[in-house]
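Heads up: the protein sequence lines correspond to chains A and B, in order.
Under the working numbering, the first residue of the first sequence carries the number 1, and numbering increases by one thereafter.
Under the working numbering, the first residue of the second sequence carries the number 1, and numbering increases by one thereafter.
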Amino acid sequence: MVLLEIHEPGETPRPHEADDAAVGIDLGTTNSLVAYSHAGKPEVLRNIHGEGLVPSVVAYDRDGEVIVGYPARDRMLDAPDRVVSSIKRLMGRGLEDVKALAGTLPFAVEPGAQGMVRIRIGERALTPVEISAEILRALKKRAETGLEQPVTRAVITVPAYFDDAARTATRDAARLAGLQVLRLVNEPTAAALAYGLDKGSEGLYAIYDLGGGTFDVSILKLDKGVFQVLATGGHTALGGDDFDHLIAEQFLVERGETNPSIGTAKAALRAAREAKETLTAADAGRWIIDVAGRKSVHALGRAELEAMITPLIEETVAIARRVIEDARLAAADIKGVVLVGGSTRMPLVRRKVAALFGTEPLADIDPDEVVALGAALQAEALTGGSSTLLLDVTPLSLGLETMGGVVERVIERNTPIPVAHAQDFTTYQDGQNAMLIHVVQGEREMVDQCRSLAKFVLCDIPPLVAGAARIKVTFAIDADGILTVAAREETTGAEQRIEVKPSYGLAPEDMEAMLKAAMVHARADVELRLLTESRVEARRASLALRSALQADGDLLAPIERRTVENALAGIERAIGSADRDIIEGWIEKLDAETMFFAERRMDRGIRTALAGVAIDRLERNLETPARGEPAAE
Amino acid sequence: MFCPTCGVVLPSAAIDHFVRLDLARGYDVDLAELDRRYFAQQRQLHPDRFATKSATERAHSLAHATDLNRAYETLKDPLRRAVYLLELAGIDVTGETKTSADPTLLAEVMERREALDDAASPSEFAAVVDAAEADAERCRAGLASAFAAADWARAGALTLRYTYLARLLDEARARRGRPTSSPAFAAALK
Numbered sequence: 001m002v003l004l005e006i007h008e009p010g011e012t013p014r015p016h017e018a019d020d021a022a023v024g025i026d027l028g029t030t031n032s033l034v035a036y037s038h039a040g041k042p043e044v045l046r047n048i049h050g051e052g053l054v055p056s057v058v059a060y061d062r063d064g065e066v067i068v069g070y071p072a073r074d075r076m077l078d079a080p081d082r083v084v085s086s087i088k089r090l091m092g093r094g095l096e097d098v099k100a101l102a103g104t105l106p107f108a109v110e111p112g113a114q115g116m117v118r119i120r121i122g123e124r125a126l127t128p129v130e131i132s133a134e135i136l137r138a139l140k141k142r143a144e145t146g147l148e149q150p151v152t153r154a155v156i157t158v159p160a161y162f163d164d165a166a167r168t169a170t171r172d173a174a175r176l177a178g179l180q181v182l183r184l185v186n187e188p189t190a191a192a193l194a195y196g197l198d199k200g201s202e203g204l205y206a207i208y209d210l211g212g213g214t215f216d217v218s219i220l221k222l223d224k225g226v227f228q229v230l231a232t233g234g235h236t237a238l239g240g241d242d243f244d245h246l247i248a249e250q251f252l253v254e255r256g257e258t259n260p261s262i263g264t265a266k267a268a269l270r271a272a273r274e275a276k277e278t279l280t281a282a283d284a285g286r287w288i289i290d291v292a293g294r295k296s297v298h299a300l301g302r303a304e305l306e307a308m309i310t311p312l313i314e315e316t317v318a319i320a321r322r323v324i325e326d327a328r329l330a331a332a333d334i335k336g337v338v339l340v341g342g343s344t345r346m347p348l349v350r351r352k353v354a355a356l357f358g359t360e361p362l363a364d365i366d367p368d369e370v371v372a373l374g375a376a377l378q379a380e381a382l383t384g385g386s387s388t389l390l391l392d393v394t395p396l397s398l399g400l401e402t403m404g405g406v407v408e409r410v411i412e413r414n415t416p417i418p419v420a421h422a423q424d425f426t427t428y429q430d431g432q433n434a435m436l437i438h439v440v441q442g443e444r445e446m447v448d449q450c451r452s453l454a455k456f457v458l459c460d461i462p463p464l465v466a467g468a469a470r471i472k473v474t475f476a477i478d479a480d481g482i483l484t485v486a487a488r489e490e491t492t493g494a495e496q497r498i499e500v501k502p503s504y505g506l507a508p509e510d511m512e513a514m515l516k517a518a519m520v521h522a523r524a525d526v527e528l529r530l531l532t533e534s535r536v537e538a539r540r541a542s543l544a545l546r547s548a549l550q551a552d553g554d555l556l557a558p559i560e561r562r563t564v565e566n567a568l569a570g571i572e573r574a575i576g577s578a579d580r581d582i583i584e585g586w587i588e589k590l591d592a593e594t595m596f597f598a599e600r601r602m603d604r605g606i607r608t609a610l611a612g613v614a615i616d617r618l619e620r621n622l623e624t625p626a627r628g629e630p631a632a633e
Numbered sequence: 001m002f003c004p005t006c007g008v009v010l011p012s013a014a015i016d017h018f019v020r021l022d023l024a025r026g027y028d029v030d031l032a033e034l035d036r037r038y039f040a041q042q043r044q045l046h047p048d049r050f051a052t053k054s055a056t057e058r059a060h061s062l063a064h065a066t067d068l069n070r071a072y073e074t075l076k077d078p079l080r081r082a083v084y085l086l087e088l089a090g091i092d093v094t095g096e097t098k099t100s101a102d103p104t105l106l107a108e109v110m111e112r113r114e115a116l117d118d119a120a121s122p123s124e125f126a127a128v129v130d131a132a133e134a135d136a137e138r139c140r141a142g143l144a145s146a147f148a149a150a151d152w153a154r155a156g157a158l159t160l161r162y163t164y165l166a167r168l169l170d171e172a173r174a175r176r177g178r179p180t181s182s183p184a185f186a187a188a189l190k
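Dropping the structure here:
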């Protein structure tokens, strides 16, 4: 007798699933790593030389071969046009974003389909997703060699500050590389996981993550295996690379270079990086730059280096302070600080962090490896089962454009994910039958100061009086931090739903600039918002009065009509004013001077409505619609 | 939440936040207890627990976790909790119709906001914040007794007042976290 195998609908049986290992991957800007955890013990997977790091560099040979890691990096000087580095900076980003970076990228960028960018490599034009997929393929291969079994599933880490488009792009790259993403985990959260399980820690912890190109800081509450992120923040263009640049600039000045060639600049940068690394342990040193037929010697002491980079470190401390405020805590509440990222090896960073939190930072796990180790632990927890739980938050506020370009926030930053919030919007004009839904991300009050994520039109809104339609817009962010937006018209029961995925990326620099600008401009924003709201109100009032005049103008004597028309002309002039008080004044004046007209219209309306209407219908009309709780989608 | 025979996760039901987190409905909420219940439920229902399960189960888990987060965020915050309790009682305090209800409250809020703007020193700034903080604390205490006595009118008025105070305090918090040109001033604000 043949036994039938029955499984869950939509699920394909995977007989060899137990053989498929799930790994943790730290896909970094400069370096990437893969780690695997078994029985709660994570380990970085290394090559035969014992190297764990895989430089995030991809070289495309003329014969079509793809090379990843150290060998690719070695080709950078010989064949720079066929080597791509720092591709993470382009993940999920559109051409507009990249234009801003023009000249700072080590490769040529050109437009591709759907606003995506492509990198020109010889005769090929590749997307950032494809290039990242090559790095992931190399990591997958390393894992399969090391574990001697197929690897098809992974937890991949992303900066906490990564926007929706960059997260989506990372998922796509994994799919290209033949990896199923079990979960995207934020880098600081993964680092906390690596520490927390080792020490069984409880209480409030800060993760200070200063890498080559980015800075992230998160505050977490640890409680019996639960890792609850309370707040997160960062800077998407601040890291060790900036320190290198400062040192290199000084070396070039010492060399008397006013207009250095690319070769000279690169040599200076290499010496700078060495100097920075040496001065982590040594107090002083000398470095030689031997390029373009000329040798120069440069002395640098640690104290001098520290004076140079202090402003940058102070900036990270200021960001950390803001995140502590966001979590509604004081620095003294933080029990421990975990250091992540190669730049946290610098003694100055450790001193500043210790001074801020009043406690010696934890750094006993290699700061280059801690994120990958945490990702591996999470991969094990997701596949093998574990009582560990990560509860993360969304790093930036999400909102919609409303009348006048004002942002209506729907989800505030630092809201736990997954999350779904619904908000009701209404029409602005009588008979309006379509509405533009414009989704933006950022902390500012006006749309053009935030980053546009997606736009779509909701049509077939039933033609109703202005303000009568009920359009419910739902934002949903899943456990990977990926956003879906749906809109629905609810009054008539006729539903329309549109789901959008953001079409292009939010430039991390924009994100940073937006957050910074939000802090500086908070007050000016509020004033601009109030002015815009007053204008919208004035326009609404004048439109309403115009249509009232058209419908019921016969209720007015000629002299009354002139009064109303004067008020109308006055408010229409006032709309152009930049003074909110003038606009408000005219709104009040208009209200006062047209009150009698409104009353007469109401009388007429009631008489019309009562004529021939049954009592039960009248009662029904008087019932006010109940305000239900927005549904979670 | 789970099928008693096969153990798969079931769809998330439309239940009120207190029921969802297994807490008695009321203004007084033990925050440590709230955390415990929230963590215990997320441990069972979070999408991380269903990473390798069927698409249906994953969708149900996502809905559960989303509803739990919403319930947690609402009950954890003393202001949102008050608004929610009023909402359960069918009262909308923060809706458009009521915002301009009390001119004396509005005038007072404007005054405090100006005091915050005009603060010439960290100690003046802190004094405004401390006064608002103390007032918010009185609102919370008042809300606890108003809700206990089912005095909706008083609860509504206090919630409205608390809404304005919370906004003021949020703004003060944002400013404290803002990098200023004078580190001494920023440090003194801490």
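We put the beta carbon where it would ideally sit given N, CA and C, even for glycine.
All figures in this text were calculated on a predicted structure; none of them were measured in a lab.
- With DSSP collapsed to three states, give me the class of I575/A. It is coil, neither helix nor strand.
- 7 Å Cβ cutoff met for T157/A and A125/A: no
- Report the option in E137/B, V128/B, T52/B and N69/B whose CA atom is closest to the CA atom of R37/B. N69/B
- Task: Note down, in chain order, every chain E residue with its Cβ under 7 Å from the Cβ of R183/A.
- Result: Absence of chain E from the displayed structure is noted, the protein chains being A and B.
- Sequence-distant residues of the same chain with beta carbon closer than 8 Å to E187/A, five excluded per side: D26, T157, V158, P159, A160, D209, D216, V340 and V371
- Query: Based on the DSSP secondary-structure assignment, which residues constitute the bridge partners of M76/A?
  - Reply: Partner(s): none; M76/A has no beta bridge.
- Task: Starting from the C-beta of A282/A, find all residues in its chain whose C-beta is less than 8 Å away, skip the five residues before and the five after it, and write them out in chain order.
- Result: R302
- Where the beta strand (DSSP E) through R41/A begins and ends: Residue 41/A is actually Lys in this sequence, not Arg. Looking at the DSSP string, the run of the beta strand (DSSP E) that includes K41/A is K41 to V44.
- Message: So the candidates are D135/B, F50/B, R173/B and D22/B; which of them puts its Cα closest to the Cα of T159/B?
- Response: D135/B
- Message: Let me see if you follow: with CB-CB separation under 7 Å, is F39/B close to chain A or not?
- Response: yes
- Query: So which of G40/A, E134/A, R142/A and I67/A has the shortest CA-CA distance to H49/A?
  - Reply: Taking H49/A as reference, the option from G40/A, E134/A, R142/A and I67/A with the minimal CA-CA separation is R142/A.
- By Cβ distance below 7 Å, which residues in the same chain neighbour G103/A in space, the five residues on each side in sequence not counted? For G103/A, the pLDDT reaches just 47, beneath the cut-off of 50, and the residue's location in the model is therefore unreliable, leaving the point undetermined.
- Message: So, for D398/A: in the same chain, excluding its five sequence neighbours on each side, which residues have a beta-carbon less than 6 Å away from its beta-carbon?
- Response: For the sequence presented, residue 398/A should be read as Leu rather than Asp. Here the set comprises V410, I411, Q441 and F475.
- For R81/B, collect the residues of the same chain with a Cβ closer than 7 Å to its Cβ; drop the 5 residues on either side in sequence, then sort them by chain order. Y27, V29, T74 and L75
- Sort G336/A, A538/A and L193/A by Cα distance to L362/A and report the nearest one. When the alpha-carbon of L362/A is set against those of G336/A, A538/A and L193/A, the nearest one is in G336/A.
- Over the uninterrupted alpha helix (DSSP H) stretch that includes N69/B, give me the two end residues. Counting along the chain, the unbroken alpha helix (DSSP H) around N69/B starts and ends at A55 to K76.
- T145/A lies in the alpha helix (DSSP H); which residues open and close that run? Looking at the DSSP string, the run of the alpha helix (DSSP H) that includes T145/A is P128 to L147.
- Message: Taking CB distances under 7 Å as the criterion, tell me whether L106/B reaches chain A.
- Response: no
- Could you check the C-alpha separation between L545/A and I583/A for me, to the nearest Å? 16 Å
- Query: What three-state label does DSSP hand Q429/A in the structure shown?
  - Reply: In the structure shown, Q429/A sits in coil (DSSP, three-state: anything other than H, G, I, E or B).
- Message: Does the CB of P418/A have a neighbour CB from chain B at under 7 Å?
- Response: It does: the Cβ of P418/A has a partner Cβ on chain B nearer than 7 Å.
- Taking only beta carbons into account, state which residues of the segment 472 to 491 of chain A come closer than 8 Å to chain B, listed in chain order. A476, D478 and A479
- Task: Consult DSSP for P662/A and reduce its assignment to one of helix, strand or coil.
- Result: The question about residue 662/A has no answer here: the residues shown for chain A are numbered 1 through 633.
- Length of the line joining the Cα atoms of T236/A and Y205/A: 22 Å
- Task: Between the Cα of I247/A and those of D61/A, G405/A, I289/A and L305/A, spot the shortest distance and give me the residue it belongs to.
- Result: L305/A
- Does R43/B have its Cβ less than 7 Å from a Cβ in chain A? yes
- Which class does T97/B belong to by DSSP, given the choice of helix, strand or coil? In this prediction, T97/B has a pLDDT of 49, which is less than 50 and means its spatial position is unreliable; nothing more can be read from the coordinates.
- At a Cβ threshold of 7 Å, is R173/B touching chain A? yes
- Message: For R393/A, tell me which candidate among L373/A, V151/A, V419/A and Q550/A has the shortest Cα-Cα distance.
- Response: It is Val, not Arg, that sits at residue 393/A in the sequence shown. Among L373/A, V151/A, V419/A and Q550/A, the Cα nearest to that of V393/A is on V419/A.
- State whether the segment 260 to 274 of chain A contacts the segment 283 to 295 of chain A, with contact taken as three or more CB pairs (one from each stretch) at a distance under 8 Å. yes
- Query: Are L382/A and D48/B closer than 7 Å when you measure CB to CB?
  - Reply: yes
- Message: Just to confirm, is the Cβ distance from R167/A to I575/A under 7 Å?
- Response: no
- Message: Do P395/A and T232/A count as a contact pair if the criterion is CB distance below 7 Å?
- Response: Going by C-beta atoms, T232/A is nearer than 7 Å to P395/A.
- Message: Between A115/B and chain A, is the shortest Cβ-Cβ distance under 7 Å, so that the two count as touching?
- Response: no
- Proximity of E130/A and V66/A at Cβ, strictly below 7 Å: The Cβ-Cβ distance between E130/A and V66/A does not fall below 7 Å.
- Message: Measuring only the C-alpha atoms, how far is I319/A from L329/A?
- Response: 14 Å
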